[in-house]
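Enquirer: Residue numbers (this note's numbering): 118 to 458. Quick reminder that beta carbons are idealized off the backbone N, C-alpha and C, glycines included. The model shown is predicted, which means the values in this text are computed figures rather than measured ones. Structure incoming, see below.
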């Protein structure tokens, strides 16, 4: 039975990678809501969940270890891992802990939820302490208390690469832009298979996150790294996270009540373009915070600025070809090409 399941899961992964979302296989078509959740539990509940330390060892060695290094899920901080080392002792030495994306105090403290690898990740102890059992949510930049990336914890807005930072404030935690979809699909998985454990601790913790989780799932789509990790877990637990392999499941199970609300679209004008160096940025009918990012021709980010726009702005750049992106607080953004000669 386990061998047959692994073959099925491998075929499913191949189908996912080989096809676009629009043409991929749909899991349990025609079902939605509680009836779909019931069938998912029937077919995708893990067959094997290891004792906690064994699960952590597998998590580090077989799911997250890449090129003899282990990466903190939230910050991208990497530690070297020599071949043959005792991985639990080694990670403890470097301050890496096992993070439960669905907090232990809110439903994952007991087996099998405690050791289910589909919601466990390696993370720096500092970040675990900052997050505690806070819900995941988008935090306005001006409210963020801590910015976390690699081995740094900042208390001011980063000047560049802002999307690589996780953010923290009291009772809220925002992962980096590149982890949001992964986290959403892990949370959908956990609540599908451990709903009673979660609701026993809090009936609102998961549901309060749904508007953010649904938006993150739609925005940060599944990539090959997420697929490979899920397949590595499949070889250990004999179950996949179905929300990774069929994006429609999230909509059919949880996200229909949380549609994306169209944001107001603002017009951004840059002139003169081409320019000899000095140019102007005009955003008619808008006053408020903007996030401006300037990238070079290779799309390498060279400047990030958080600005309060109150009227026509002037800016100057050296000669070159640039992409200028203006993002608004409602998540709408505009990107334009700019030539400086």
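How about residue 452 and residue 442: do their beta carbons lie closer than 8 Å?
Expert: Yes.
Enquirer: Alpha carbon to alpha carbon, what distance is there between residue 409 and residue 302?
Expert: Distance between the alpha carbons of residue 302 and residue 409 is about 30 Å.
Enquirer: By a C-beta neighbour count over all protein chains shown, 10 Å radius and 16 as the cutoff for buried, is residue 139 buried or exposed?
Expert: Any reading at residue 139 must be qualified, since the residue scores a pLDDT of 40, below 50, and its modelled position is unreliable; no value is offered.
Enquirer: Measuring straight from C-alpha to C-alpha, what distance separates residue 393 and residue 280?
Expert: Each residue's alpha carbon lies about 30 Å from the other.
Enquirer: Any idea if residue 348 is buried or exposed, counting beta-carbon neighbours within 10 angstroms, 16 or more meaning buried?
Expert: Residue 348 should be labelled buried.
Enquirer: Please list the segments of the alpha helix (DSSP H) lying wholly inside the segment 284-313, counting only runs of 4 or more residues, in order along the chain.
Expert: Complete alpha helix (DSSP H) runs here, min 4: 297-310.
Enquirer: Where are the beta strand (DSSP E) runs, 3 residues long or more, that stay fully inside the segment 166-223, in chain order?
Expert: The segment 166-223 contains these whole beta strand (DSSP E) runs: 186-188, 195-197, 213-217.
Enquirer: According to DSSP, is residue 420 helix, strand or coil?
Expert: In this structure, residue 420 counts as strand in the three-state DSSP scheme.
Enquirer: Look up residue 405 in the DSSP assignment and give the residues it is bridged to.
Expert: 426, per the DSSP bridge assignment.
Enquirer: DSSP three-state label for residue 361, please.
Expert: Three-state result, residue 361: helix.
Enquirer: How far does the beta strand (DSSP E) with residue 450 in it reach, from first residue to last?
Expert: Residues 450-457.
Enquirer: Counting C-beta neighbours from all protein chains within 10 Å, is the total for residue 164 16 or more, i.e. buried, or is it exposed?
Expert: Looking at its Cβ environment, which holds fewer than 16 other Cβ atoms inside 10 Å, residue 164 is exposed.
Enquirer: By DSSP, does residue 377 sit in helix, in strand, or in coil?
Expert: The answer is coil: DSSP assigns residue 377 none of H, G, I, E or B.
Enquirer: Candidates 162, 184, 153, 156: which alpha carbon is nearest residue 461's?
Expert: Residue 461 falls outside the range modelled here, since the chain spans only 118 to 458, and no answer is possible.
Enquirer: Return the chain-ordered list of same chain residues with a C-beta closer than 6 Å to the C-beta of residue 446, the five sequence neighbours on each side being excluded.
Expert: So the qualifying residues of the chain are 406.
Enquirer: Three or more beta-carbon pairs under 8 Å between the segment 266-279 and the segment 306-319, yes or no?
Expert: Output reads no: the segment 306-319 does not touch the segment 266-279.
Enquirer: Kindly list the residues whose CB is nearer than 6 Å to the CB of residue 414, restricted to its own chain and excluding five residues on each side of it in sequence; keep chain order.
Expert: Only 438 meet the Cβ criterion.
Enquirer: Within 10 Å of its beta-carbon, does residue 391 have 16 or more other beta-carbons around it, so buried, or fewer, so exposed?
Expert: Flag for residue 391 reads exposed.
Enquirer: By Cβ distance, which residues of its chain are closer than 8 Å to residue 156, with the 5 residues on each side in sequence left out?
Expert: Once the five neighbours on either side are set aside, the close Cβ partners of residue 156 are 145, 148.
Enquirer: Measure the CB-CB distance between residue 172 and residue 218 and report whether it falls below 8 Å.
Expert: Cβ atoms of residue 172 and residue 218: not closer than 8 Å.
Enquirer: What is the DSSP secondary structure of residue 160, reduced to helix, strand or coil?
Expert: Reduced to three states, the DSSP call for residue 160 is helix.
Enquirer: To the nearest angstrom, how far is the alpha carbon of residue 158 from that of residue 404?
Expert: Residue 158 and residue 404: Cα-Cα distance of roughly 49 Å.
Enquirer: To the nearest angstrom, how far is it from the Cα of residue 214 to the Cα of residue 417?
Expert: Those two C-alpha atoms are separated by around 32 Å.
Enquirer: On a CA-only basis, which of 263, 291, 295 is nearest residue 339? Give me that one, please.
Expert: For residue 339, the nearest C-alpha among the options comes from 295.
Enquirer: Spatial neighbours of residue 372 within its chain, please: C-beta separation below 6 Å, excluding the five flanking residues on both sides.
Expert: Around residue 372: 331.
Enquirer: From the DSSP output, read off the bridge partner residues of residue 253.
Expert: DSSP, once it has assigned bridges, lists 290 as partnering residue 253.
Enquirer: Run the CB neighbour count on residue 248, radius 10 Å, all protein chains shown included, and call it buried at 16 or more, exposed below.
Expert: Residue 248 comes out buried.
Enquirer: Take residue 261 and list the residues in its own chain whose beta-carbon comes closer than 8 Å to its own, dropping the five residues that flank it on each side.
Expert: If we look at residue 261 and ignore the five residues flanking it on each side, its Cβ neighbours are 274, 284, 285, 286, 291.
Enquirer: Taking all protein chains shown into account, decide if residue 334 is buried (16 or more other Cβ within 10 angstroms of its Cβ) or exposed.
Expert: By the neighbour-count rule (16 or more Cβ atoms within 10 Å), residue 334 is buried.
Enquirer: Distance, Cα to Cα, residue 153 vs residue 369?
Expert: Distance between the alpha carbons of residue 153 and residue 369 is about 8 Å.
Enquirer: Any idea if residue 176 is buried or exposed, counting beta-carbon neighbours within 10 angstroms, 16 or more meaning buried?
Expert: Buried: at least 16 other Cβ atoms inside 10 Å.
Enquirer: Check each candidate in 179, 193, 293 and name the one with the smallest Cα separation from residue 200.
Expert: That would be 179, whose Cα lies nearest to the Cα of residue 200.
Enquirer: Does the distance from the CB of residue 383 to the CB of residue 327 come in under 8 Å?
Expert: Their beta carbons are not under 8 Å apart, which means residue 383 does not touch residue 327 by this criterion.
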